[in-house]
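To keep things clear, I will list the structure first and then write my remarks on it.
Residue numbers (the numbering used here): 24 to 725.
Set out below in C-alpha cells:
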C-alpha cells in the first residue's frame with residue numbers, strides 16, 4: 024500500500040515537472056484586467072500579459088520627426104516602461120509563439136507594430152489577433168485566424184500622430200513666446216475651441232426680439248384641454264407685441280361657443296434609434312447620466328475589458344469594443360436578441376427588420392456598434408457586481424441596443440383646429456397605443472397628452488387665456504454632448520479623440536465649465552485669435568475635415584501617408600516662419616482683486632495659474648503671498664452649521680462646493696446647493712463608501 028502511494032506521488036511530481044517545461048503561447052494585450060479575462064478563456068497553454076498601453080512613442084523633449092527625410096519618426100522607449108519591456112522580452116524568448124492582441128483599432132494596431140519591433144518578431148508571421156468582444160467563443164475563434172499586422176492601419180495612426188506633433192510642436196513655442204509657457208494648439212483642439220468662441224461671439228452679438236404667445240384652455244363638458252394660438256382668417260400669424268394680442272382678444276367672444284372645425288386623428292409610429300456609436304454614447308451619457316466624456320469612456324473601457332461576476336463566471340467582458348462609428352450588428356447578435364425579446368415580451372415586440380443607422384461622413388465600418396456581449400445578461404441581474412457608474416452606463420447601452428431591435432412605439436395622435444370669428448387655435452394630443460421599443464428603453468417614451476373625445480362640428484367653451492411676453496434667446500453655449508455632435512457633423516476628429524480634446528482645452532484654461540456648458544476664458548480667446556490669424560487652415564473646420572478624410576484614406580490603403588502630411592506641412596511651415604518673425608508679445612494685465620496683501624499692504628491681483636485663477640500680491644516676487652479664490656454662495660454649511668458653502672475649482676477646472684471650514688468640516692458636493700434643496704433635504708448627501716469619501720477629500724484638497 025505504501026509503495027503504491029509512493030509511486031503515485033512520484034508520478035504526479037514527474038508530470039508536474041514535464042508540464043512546467045512545456046512552452047506556452049504568449050499573448051500580449053494592453054491592460055491587466057483584459058489579460059485576466061482572456062487568459063481564463065484560452066486555458067493553461069497560454070500566458071497573457073499586459074503592455075500597459077504604448078511602449079514606444081515620439082520623444083517629449085524634441086520634435087522627434089525628421090521633416091527633411093519623409094517625416095521619419097524617431098521613436099524611443101517610453102520612460103518608466105523599461106521593466107515592462109524587459110519582462111516582455113524575457114517572456115517572448117521563453118514562449119512557444121507570441122500573439123499580439125491589442126485593441127482592434129488604429130491605436131491598437133500601432134501598439135502591436137511597436138511590440139513586434141521591440142520583441143524582434145517576424146513581420147511576415149501571422150501573430151496579430153483581433154476581436155470585437157471579450158467572450159469565450161469570440162476569443163477562441165480569433166486565435167484560429169491570426170493575421171499579419173495591417174500596415175495601412177499603422178500608417179494611419181502614425182500619420183495622425185506625426186501631423187499632430189508637427190502642428191503642436193510648431194505652434195506651441197510661438198504661444199509660449201507671445202503669451203506664456205505651458206500653452207498648446209492642435210488640429211482638433213483648435214477647431215473645438217474655435218467653435219466654442221464663435222458661439223460665444225454669437226451670444227454677445229445677439230439682440231433679443233420681443234414676441235408673445237397666447238395659450239388658452241378650452242372645456243367640453245367636464246373635460247379641459249390646452250391649445251395655442253395659430254392665426255386668423257386661415258393664415259398663421261405671429262404675435263410680435265401686446266397690441267397684437269389685445270387685437271386678437273377683442274375679436275373673440277369669451278362667453279360664446281368655439282367650433283371644432285377639424286379633427287385629424289392618426290396612428291403614428293416612432294422608430295427606435297440605432298445602437299450606440301462612440302459619439303452617440305458619449306452624447307447620450309452626457310445628457311441622460313450627466314457623465315463627462317472622459318468618465319463615460321473610462322466606464323466603457325472597464326465594461327469591455329471585463330468585470331468579475333463571481334458565481335463561477337469570473338472576469339467577463341460585458342460590452343463590445345467601445346471605439347466605433349458603425350451601427351452595424353452581427354447576425355449572431357441579431358438572432359440572439361430577437362429570441363430574447365420574443366421570450367421576454369412576446370413576438371409582437373421583436374422587429375423583423377431592425378433599424379439600421381446611417382454612417383456619419385468619414386465613418387469606418389470596421390467594428391460593430393456598441394452592444395452587450397450577452398443580451399440575456401440584463402443590468403439588474405449583475406447590478407451587485409458593478410460600480411454605480413458602470414451600472415448606469417451598462418443599463419444605457421443594454422437598453423438602447425435591445426430597443427434598436429424592437430418594433431416601433433405606436434401612438435394615437437390627434438390634431439384639433441378650433442375657431443371663432445376667424446381666430447384659430449390648435450391643440451395636439453397623443454396617447455401610447457403600443458409600447459414597442461420603449462418597453463426596453465423607458466427613457467425614450469413620449470409622455471401621454473391625451474385630448475378628450477372631440478369631433479368636427481363640436482362646440483367648446485373658452486375656460487381661460489394666458490398671454491405671455493417672451494424674448495428670443497441667443498444660441499445656447501455648447502455642452503460636451505453638443506460640442507461632440509458639432510465636431511462629428513463637421514467631420515473633425517474621430518471617436519477616440521473627443522475625450523482627450525475636451526480634457527485638454529479645460530486643462531489649458533482655455534475654457535471653463537458653467538452650468539455644464541463651455542465658456543471661453545480670456546486666455547482661450549487670446550490663443551485662438553493668434554492661431555486664427557497666423558494659421559487659418561488649422562482652425563478652418565472644412566480644411567481640417569478634408570485632412571481627416573485623407574487620413575482615413577491612408578487607413579483604407581487608398582493614399583500613402585507621406586504625401587498627405589507633405590501637402591499640409593509645406594504651406595504650414597511657411598506660416599510658422601512668418602508668425603515667428605511678426606508676432607509680438609501679448610501683455611495680459613492682472614485684474615485688481617479689490618483687497619490689500621495682509622503681509623506687505625500692496626494691492627492683491629488676480630492671476631491665472633496652472634489650475635485656474637488665484638489671488639497674488641502685486642509685489643511678486645518680492646512678496647510671494649497667494650490665496651485661493653473661493654466664492655461664498657450665501658448658504659450655511661448643512662453639515663457643521665458653522666462655515667459657509669463656497670465654490671472651489673478642481674485641478675481640471677471643474678467647479679465643486681464645499682465648506683469654508685475645511686479640513687475641520689469635509690462637506691463637499693458637485694451640485695450647487697440652494698436654500699430649497701437644503702430645506703427639503705435633497706442636496707446630494709455625502710457618500711459613505713470609501714471611494715467617494717476619498718473623492719470628496721481629493722476635491723476639497725484640490
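Each residue gets a CB set at the ideal place from its N, CA and C atoms; glycine is no exception.
Note that the structure is a prediction, hence the values are computed from the model and not measured.
Cβ shell of residue i (< 7 angstroms), same chain only, five flanking positions each side left out
i, result
"residue 515", "211, 214, 564, 567, 568, 571"
"residue 333", "408"
"residue 368", "462"
"residue 103", "none"
Backbone CA spacing between residue i and residue j [nearest angstrom]
i, j, result
"residue 592", "residue 164", "43 angstroms"
"residue 183", "residue 177", "10 angstroms"
"residue 452", "residue 153", "51 angstroms"
"residue 231", "residue 498", "11 angstroms"
"residue 64", "residue 159", "5 angstroms"
"residue 216", "residue 595", "20 angstroms"
"residue 198", "residue 82", "20 angstroms"
"residue 424", "residue 299", "7 angstroms"
"residue 464", "residue 458", "10 angstroms"
"residue 237", "residue 250", "9 angstroms"
"residue 636", "residue 330", "40 angstroms"
"residue 235", "residue 262", "5 angstroms"
"residue 622", "residue 133", "56 angstroms"
"residue 510", "residue 221", "14 angstroms"
"residue 280", "residue 542", "52 angstroms"
"residue 130", "residue 73", "15 angstroms"
"residue 166", "residue 472", "55 angstroms"
"residue 204", "residue 610", "13 angstroms"
"residue 694", "residue 240", "37 angstroms"
"residue 282", "residue 245", "17 angstroms"
"residue 257", "residue 264", "21 angstroms"
"residue 536", "residue 506", "13 angstroms"
"residue 75", "residue 558", "36 angstroms"
"residue 196", "residue 549", "15 angstroms"
"residue 218", "residue 540", "13 angstroms"
"residue 99", "residue 116", "22 angstroms"
"residue 173", "residue 651", "52 angstroms"
Cβ pair residue i, residue j closer than 9 angstroms
i, j, result
"residue 488", "residue 277", "yes"
"residue 189", "residue 528", "no"
"residue 428", "residue 360", "yes"
"residue 437", "residue 485", "no"
"residue 554", "residue 544", "no"
"residue 338", "residue 649", "no"
"residue 1", "residue 638", "The structure shown has nothing for residue 1, since the chain only spans 24 to 725."
"residue 311", "residue 466", "yes"
"residue 343", "residue 394", "yes"
"residue 138", "residue 51", "yes"
Inter-residue CB distance, residue i and residue j (contact presumed, cutoff 8 angstroms)
i, j, result
"residue 641", "residue 625", "5 angstroms"
"residue 341", "residue 404", "Not quite, the Cβ-Cβ distance comes to about 11 angstroms (not below 8 angstroms), so this is no contact."
"residue 431", "residue 292", "4 angstroms"
"residue 503", "residue 673", "In fact, because the Cβ distance is near 16 angstroms, the residues do not count as touching under 8 angstroms."
"residue 193", "residue 531", "That pair is no contact at about 17 angstroms."
"residue 349", "residue 390", "6 angstroms"
Per-residue burial, residue i [other beta carbons within 10 Å of its own, 16 or more giving buried]
i, result
"residue 124", "buried"
"residue 420", "buried"
"residue 386", "Any reading at residue 386 needs caution, since the residue's pLDDT is 44, under 50, leaving its predicted position unreliable; the model's value is listed next. Looking at its Cβ environment, which holds 16 or more other Cβ atoms inside 10 Å, residue 386 is buried."
"residue 67", "exposed"
"residue 612", "exposed"
"residue 358", "exposed"
"residue 447", "buried"
"residue 454", "exposed"
"residue 478", "exposed"
"residue 112", "exposed"
"residue 422", "buried"
"residue 524", "buried"
"residue 406", "exposed"
"residue 402", "buried"
"residue 561", "buried"
Beta-carbon contacts of residue i that lie in its chain and below 8 angstroms, excluding the five residues immediately before and after
i, result
"residue 669", "653, 654, 655, 656, 680, 681, 682, 683"
"residue 118", "46, 47, 48, 49, 70"
"residue 162", "61, 64, 65, 154"
"residue 302", "348, 383, 507, 508, 511, 518, 521"
"residue 307", "299, 419, 423, 504"
Cut-off 6 angstroms between Cβ atoms - residues of its own chain near residue i, not counting five sequence neighbours on either side
i, result
"residue 322", "412, 413, 416"
"residue 493", "234"
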